[in-house]
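A.B. asks:
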Amino acid sequence: MILTLIEFSWKWKSLTLKSSRFKSLNRITTIPFPTSKFNSSLSTLSLNHFSSTTSNLVPNCTSSSSETPHNASNVVRFDSLIAIFKNYGFSDSQINYIVKQAPNVLKLDPHNRVLPKFEFLHSKGASNSDIVELVSRSPRILYSSLENSIIPTFELVRSFLPSNEKAIERILKCRFFFGHYHVIRNVKMLIDDGVTDSNIRYLLLKRPSILLSYDMRDALDEVKEMGFDDPSNVNFCIALLAKRAMSKSRWDAKVVVFKKWGWSDEMVLEAFRKRPLCMLVSTDKINKVMKFWVKELGWNSSVLVKRPEIFSYSLENRIVPRACVVLYLISKGLIENNVELSTPFGVNEKVFLEKYVECFKEERCYLLKLYREKMDVQEIREDGAASRSY
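Here the numbering used here is used: the first residue of the sequence shown is 1043, the next is one more, and so on.
1. Short check: CB of A1261 to CB of R1286, under 8 Å?
2. Between the C-alpha atoms of Y1130 and V1229, what's the straight-line distance to the nearest angstrom?
3. Going by the CB atoms, is the gap between S1384 and V1331 shorter than 8 Å?
4. Looking only at C-alpha atoms, which of D1257, C1279, V1368 and V1389 sits nearest to F1402?
5. For the alpha helix (DSSP H) holding M1231, just list the boundary residues, first then last.
6. Are the beta-carbon atoms of L1412 and Y1370 separated by less than 8 Å?
7. Here's the rule I'm using: 16 or more other beta-carbon atoms within 10 Å means buried, otherwise exposed. How should R1414 be labelled?
8. Which residue from V1347, Y1256 and R1119 puts its Cα closest to that of V1297?
9. To the nearest angstrom, report how far apart Y1256 and H1224 are at their CA atoms.
10. Start and end of the alpha helix (DSSP H) containing S1274?
11. Please name the residue in K1397, K1149, L1245 and R1249 whose C-alpha comes closest to that of R1364.
12. Assuming the contact rule is C-beta atoms closer than 8 Å, T1325 and V1362 should be a hit. Round their C-beta distance to whole Å, please.
13. In the DSSP assignment, find the unbroken alpha helix (DSSP H) run with P1158 in it and report its ends.
14. Taking the straight line between their C-alpha atoms, what separation do you get for I1213 and I1193?
15. Go through its chain and collect everything with a Cβ distance to P1273's Cβ below 7 Å, but skip five positions before and after it.
16. Can you give the beta carbon distance from P1350 to A1313, rounded, assuming they're within the 8 Å contact cut?
17. From S1373 to N1329, what distance separates their C-alpha atoms?
18. Nearest CA to the CA of K1337: which residue from W1303, L1319 and C1320?
19. Cα separation between E1267 and C1320?
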C-alpha cells in the first residue's frame, strides 16, 4: 500500500479579538496563511516501513489510546506522522517521548492537525531545531488549535516585539504559551488597566511566563495596594514581575532578613516602592551587603532604605572599592561624616572618580591607587574561586 500526501493550501482567515483595544494591533486582526512547502519526499510511505519503524518508536503508547496500530488506516496515519517528525529533524527518542507524553497525538490527522502547525511556525522564522525544541518540551502543543490558539497567541506576542524571530525566541523561553488561554486574557487585562505596550514588552523580555498567571487580576490589585498606582510607569511592571517571580514564603524570608538588620515592615515597603528590583536580590546578597554596611563600615542600615538599588550592585567591584575611598576621605576630613553616605555608590564610575578622586589633587594618586587595588584584589579572589571550581 502506498500513501500519497496531498499538498496543503493555506487559506486567509480573519481573527478578531473582542477587546476594542486589540483592534489597533493590525497583525492580529488579519493573518495571511502562507502556501505549504512541505517536502515532497514524504509522498511515498510503505506499510512495510511502518512495521520496522513505528512499532519501535511508539511501544506501549497505543494502549493508552483507542488506536490499534495493526489497523491499515492507523498504520498509514502513524507512519505518516513519524515521517513528518523525521522530516523536521526529530530523533527516535524524541518521537517516543512525545508519544508517551501525549499519546492522543496518534489520533491526530498528521496532515490536517500536525503538519500545518510546523509549517506556520516555520513560515514565521522558526528553524527545524526550534520546532523540535518547542514540541519536545511541550508535546501537548500538538493538541492546540492552529487557528484558535497558536496563530492568535503568536500574533499577539509578535505585536509587542520588533520581529518574528524575537517572538519565536520569547515563545521558546516559555513553552506553555501555545494552548494557554490565559495569555490573551492577561494581555487584554494589562492593556485595560493602563499598562503601556513598552511595559508589556518589558514583561515579555524579562519574564514571559508572567502572562500565564491564572490570577493576574489579584496580582494587579495587590501591586496597586502596595502603592504602585500608575500602571503606565515601568516600576509598576517591575513590581508585578517581582511579586510573581517568587512564592510568598520566599518573599517573607527576604522581609525577615531586612528586619534582622533593623528595618521595619514599612521600611521594606518604602524600599520596594523606590526600587522594586531590590526584592529580587537573594537573601544571601542582602545579608552580605547589610553586614558590610553595618558591621564593617559602621553605618546605619536605614540609609539603604533611600537607596535600595545598592543591593543590586556588585559588592566586590563597586561597593567595597568605593567605600574604602569614602572612608579615607572622611578620616582625612576631606568630606564630612554626615554627608549622604549612599550618594557615592549610586553614580557611574566616571562621576565617582571626578567627585571623589580627581578633585582632591594632593590625594588623587593615593586615592586612585587605593580604588584600583581594592578592585584588583576582588578580581584576584574571583579568579581564584573560579579556578578552584574546575
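Cβ coordinates follow ideal geometry from the N, Cα and C atoms, glycine included.
C.D. replies: Well, looking at it:
1. By one-based count along the sequence shown, residue 1261 stands at place 219. By one-based count along the sequence shown, residue 1286 stands at place 244. Their beta carbons are under 8 Å apart, which means A1261 touches R1286 by this criterion.
2. The residue you call residue 1130 lines up with position 88 of the sequence shown. The residue you call residue 1229 lines up with position 187 of the sequence shown. Whole-angstrom Cα-Cα distance: 32 Å.
3. Working through the sequence shown from its first residue, we reach residue 1331 at position 289. Working through the sequence shown from its first residue, we reach residue 1384 at position 342. No, they are not a contact pair.
4. Counting from 1 along the sequence shown, the entry for residue 1402 is found at position 360. Residue V1368 is the option with its Cα nearest to F1402.
5. Numbered from 1 along the sequence shown, position 189 holds the residue referred to as residue 1231. Where M1231 is concerned, the enclosing alpha helix (DSSP H) stretches over H1224 to D1234.
6. Along the sequence shown, read from residue 1 onward, the residue named residue 1412 stands at position 370. Along the sequence shown, read from residue 1 onward, the residue named residue 1370 stands at position 328. In this structure, Y1370 lies closer than 8 Å to L1412 by Cβ.
7. One-based indexing of the sequence shown puts residue 1414 at position 372. Exposed: under 16 other Cβ atoms inside 10 Å.
8. Looking up residue 1297 in the sequence shown gives position 255. It is V1347.
9. Working through the sequence shown from its first residue, we reach residue 1256 at position 214. Working through the sequence shown from its first residue, we reach residue 1224 at position 182. In this structure, the alpha-carbon of Y1256 lies about 6 Å from that of H1224.
10. One-based indexing of the sequence shown puts residue 1274 at position 232. Note, S1274: premise wrong, no alpha helix (DSSP H); not H, not E.
11. For the purposes of this step, residue 1364 is taken as residue 322 along the sequence shown, with counting starting at 1. Answer by Cα proximity: K1397.
12. Residue mapping note: residue 1325 aligns to position 283 of the sequence shown, counting from 1. Residue mapping note: residue 1362 aligns to position 320 of the sequence shown, counting from 1. About 20 Å; that fails the 8 Å criterion.
13. Translated into the one-based positions of the sequence shown, residue 1158 becomes position 116. Run containing P1158: L1157 to S1165, per the alpha helix (DSSP H) assignment.
14. Here residue 1213 refers to the residue found at position 171 when the sequence shown is read from its first residue. Here residue 1193 refers to the residue found at position 151 when the sequence shown is read from its first residue. Using only the alpha carbons, I get a separation of about 12 Å.
15. Taking the first residue of the sequence shown as 1, we reach residue 1273 at position 231. So the qualifying residues of the chain are D1235, G1236 and V1237.
16. Counted from its first residue, the sequence shown places residue 1350 at position 308. Counted from its first residue, the sequence shown places residue 1313 at position 271. With 8 Å as the limit, P1350 and A1313 qualify as a contact, their Cβ atoms being about 4 Å apart.
17. On the sequence shown, residue 1373 is found 331 positions in, with the first residue counted as 1. On the sequence shown, residue 1329 is found 287 positions in, with the first residue counted as 1. Rounded to the nearest angstrom, the two C-alpha atoms are 26 Å apart.
18. To locate residue 1337, count along the sequence shown from 1; it is residue 295. Closest option to K1337, Cα to Cα, is W1303.
19. Counting from 1 along the sequence shown, the entry for residue 1267 is found at position 225. Counting from 1 along the sequence shown, the entry for residue 1320 is found at position 278. Spanning the two alpha carbons is a distance of roughly 18 Å.
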